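Undergrad:
In UniProt numbering, the protein residues as written are 1 to 148.
1. Kindly list the residues whose CB is nearer than 8 Å to the CB of residue 117, restricted to its own chain and excluding five residues on each side of it in sequence; keep chain order.
2. Can you tell me whether residue 60 is helix, strand or coil according to DSSP?
3. Nearest to residue 112 by CA position, among 67, 89, 70, is which residue?
4. Looking at residue 107 and residue 91, is the spacing between their C-beta atoms short of 9 Å?
5. Could you check the C-alpha separation between residue 61 and residue 67 for me, to the nearest Å?
6. Given a threshold of 16 other Cβ atoms within 10 Å of its Cβ, counted over all protein chains shown, does residue 102 qualify as buried or as exposed?
7. Leaving aside the five residues before and after residue 85 along the sequence, list all residues of the same chain whose C-beta is less than 6 Å from its C-beta, in chain order.
8. With DSSP run on the structure shown, which of helix, strand or coil describes residue 65?
9. For residue 100, I'd like the list of residues in its chain whose CB is within less than 6 Å of its CB, leaving aside the five on either flank, ordered along the chain.
10. What separation, rounded to the nearest whole angstrom, lies between the Cα atoms of residue 55 and residue 71?
11. Whose C-alpha, out of 97, 104, 73, 78, is nearest the C-alpha of residue 87?
12. Out of 98, 83, 93, 97, which one is the CA nearest neighbour of residue 120?
13. Tell me the start and end of each unbroken alpha helix (DSSP H) in the UniProt domain "Cytochrome c" (47-123) that is at least 4 residues and wholly inside, in chain order.
This is the structure in structure tokens:
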């Protein structure tokens, strides 16, 4: 019995000795998870333009990429924070528009940031294309000064 009594304290010590290691592993796992979330949050905050372009097909059904306004507000070239705020408010039912609420409800924060990044980046690209088209049109159009 003396031997059995001595084994129990060893077993308890062994179990207690493993607990700090298990705690360290859990702590390291939690740190890793937090680090991974920070990386994902960083990408979401920045907005993934390519993901936004991929997700934009439903948006451009009504909001024209040309920026033209036919009763539906243009979202091309809008500031990212403004678009993020608007879509989040539609998703959270703060703004009142049933169509926009239904569409925004499909998107998480990362997707909303991606859409904002995509639409926010379009203004400069479109103005560059418009300038190039205008320059090409000037080159192709004969001047009226020479005609009599």
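Heads up, the beta-carbon is just placed ideally off N, CA and C, and yes, glycines get one too. Keep in mind it's a predicted model, so treat the numbers as computed, not measured.
TA: Reading from the atomic positions:
1. Taking the chain shown and counting its residues from 1, one reaches residue 117 at position 117. Same-chain partners within the cutoff: 46, 47, 48, 49, 52, 80.
2. Here residue 60 corresponds to residue number 60 of the chain shown, with the count starting at 1. Residue 60 falls in the helix class under three-state DSSP.
3. Indexing the chain shown from 1 puts residue 112 at position 112. Closest option to residue 112, Cα to Cα, is 89.
4. The residue given as residue 91 occupies position 91 in the chain shown. The residue given as residue 107 occupies position 107 in the chain shown. Cβ atoms of residue 91 and residue 107: closer than 9 Å.
5. Taking the first residue of the chain shown as position 1, residue 61 is located at position 61. Taking the first residue of the chain shown as position 1, residue 67 is located at position 67. The straight-line gap from Cα to Cα measures roughly 13 Å.
6. Counted from its first residue, the chain shown places residue 102 at position 102. That one is exposed.
7. Taking the first residue of the chain shown as 1, we reach residue 85 at position 85. None.
8. Position 65 of the chain shown, counting from 1, holds the residue named residue 65. If DSSP states are grouped into helix, strand and coil, residue 65 belongs with coil.
9. Here the question's residue 100 lines up with position 100 in the chain shown. Within the same chain, residue 100 has close Cβ partners 90.
10. In the chain shown, counting from the first residue as 1, residue 55 sits at position 55. In the chain shown, counting from the first residue as 1, residue 71 sits at position 71. Approximately 23 Å between the Cα atoms of the pair.
11. Counting from 1 along the chain shown, the entry for residue 87 is found at position 87. That would be 104, whose Cα lies nearest to the Cα of residue 87.
12. Residue numbering aside, residue 120 sits at position 120 when the chain shown is read from its first letter. Comparing Cα positions, the closest option is 83.
13. 49-55, 80-91, 98-104
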